[in-house]
Amino acid sequence: MEQSFAPTPDGGPLRFSIQCRNSRNSSSGKRHVVTIDPDWTVTTPHDLEAERIAAAFGGYTSCLDLVDRTIPAFRQALPLLSRRARLALREDARDGWRLPLEEQVEQCCRGHRFTTIASAVSHARSSAHLAGRYGVTRWQLTAVMSGAATAWGAWE
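So the sequence shown is numbered by the working numbering: it starts at 14 and just counts up by one.
#1: Just verifying my parser: in three-state terms, what is the DSSP assignment at Thr102?
#2: Quick check on DSSP: helix, strand or coil for Phe87?
#3: Taking Asn35 as the reference, give the member of Ala162, Tyr73, Arg103, Leu93 with the closest Cα.
#4: Leaving out the 5 sequence neighbours to the left and right, which residues in its chain are closer than 7 Å to Ala227 when beta-carbon positions are compared?
#5: Let's see if you can read the secondary structure: which residues bound the alpha helix (DSSP H) around Thr155?
#6: Report the three-state DSSP secondary structure of Val55 (helix, strand or coil).
#7: Out of Glu104, Ala90, Gln89, Ser139, state which residue places its alpha-carbon closest to the alpha-carbon of Gly124.
#8: Do you know how far the Cα of Arg151 is from the Cα of Leu79?
#9: For Thr57, which residues in the same chain have their Cβ closer than 6 Å to its Cβ, ignoring the five residues on either side in sequence?
#10: Use the C-beta contact count for Glu15: other C-beta atoms within 10 angstroms, 16 or more gives buried, fewer gives exposed.
#11: In terms of residues, what are the limits of the beta strand (DSSP E) holding Arg28?
#12: Is it right to say Arg146 is buried, meaning 16 or more other beta carbons lie within 10 angstroms of its own, or is it exposed?
#13: Alpha carbon to alpha carbon, what distance is there between Leu61 and Ala67?
#14: Quick one: residues in its chain with C-beta nearer than 8 Å to the C-beta of Thr129, no 5 flanking neighbours on either side, listed in chain order?
#15: Would you mind working out which of Ser40, Ala63, Asp108, Ile84 sits nearest Ala3, comparing C-alpha positions?
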């Protein structure tokens, strides 16, 4: 999918609040603002290079995953989320709909038959599906998508 547009429809930066967790097992953390600039560079209140050094010695901050994995996943999903790319659904023999094989996710929708086009597309745009598709944490992708929805409007 094409990656040529900014994180907001007007081409400006996207700002949102997200939890920063200090352990992979933690279920909450202190909130702070993150900014995704129009060129997709990301600003957090952390010194990310120092965080990378700490991670090399076993430290953890969820913001490294956010910057390195979750925001790039959101960027890849944005054409589908914003309806600027079409999903090539397949109609099956029983008048149902399936996601393309390359879009299906193991333990999510692999081999799943949707009864309507709308339900198939809604599933493909869900944070649960997209997190599985791109191998990122659902809570982070949900936070990014929620923050971006303030600029783009509801994804549904």
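In this text, a Cβ means the ideal position worked out from N, Cα and C, and glycines have one as well.
The structure presented is a predicted model; accordingly, all values stated were derived computationally and were not measured.
The answer reads as follows:
#1: What you label residue 102 is simply residue 89 of the sequence shown in a count that begins at 1. What sits at residue 102 in the sequence shown is Leu, not Thr. Residue state, collapsed to three classes: coil.
#2: The count along the sequence shown starts at 1 and reaches residue 87 at position 74. Here Phe87 carries a helix assignment [DSSP, helix/strand/coil].
#3: Counted from its first residue, the sequence shown places residue 35 at position 22. Minimum Cα distance to Asn35 is reached at Tyr73.
#4: Since the first residue shown for the chain is 14 and the last is 169, residue 227 is missing from the structure and cannot be characterised.
#5: Locating residue 155 in the sequence shown gives position 142, counting from the first residue. If you look at Thr155, you'll find it in the alpha helix (DSSP H) that goes 151 to 165.
#6: Position 42 of the sequence shown holds residue 55. Val55: strand per DSSP, three-state reduction.
#7: On the sequence shown, residue 124 is found 111 positions in, with the first residue counted as 1. It is Glu104.
#8: Numbered from its first residue, the sequence shown carries residue 79 at position 66. Numbered from its first residue, the sequence shown carries residue 151 at position 138. Each residue's alpha carbon lies about 11 Å from the other.
#9: Working through the sequence shown from its first residue, we reach residue 57 at position 44. Once the five neighbours on either side are set aside, the close Cβ partners of Thr57 are Val47, Cys76.
#10: Locating residue 15 in the sequence shown gives position 2, counting from the first residue. Note on Glu15: pLDDT 43, under 50, position unreliable in the model; no value is reported.
#11: Within the sequence shown, the letter at position 15 stands for residue 28. Per DSSP, the unbroken beta strand (DSSP E) holding Arg28 starts and ends at 27 to 33.
#12: Numbered from 1 along the sequence shown, position 133 holds the residue referred to as residue 146. Its Cβ being crowded by 16 or more others within 10 Å, Arg146 is buried.
#13: Residue mapping note: residue 67 aligns to position 54 of the sequence shown, counting from 1. Residue mapping note: residue 61 aligns to position 48 of the sequence shown, counting from 1. A straight line joining the alpha-carbon of Ala67 with that of Leu61 spans about 10 Å.
#14: Position 116 of the sequence shown holds residue 129. Only residues of its own chain outside the window of five on either side were considered, and among them Trp110 have a CB closer than 8 Å to the CB of Thr129, listed in chain order.
#15: The question about residue 3 has no answer, for the chain in this structure spans 14 to 169.
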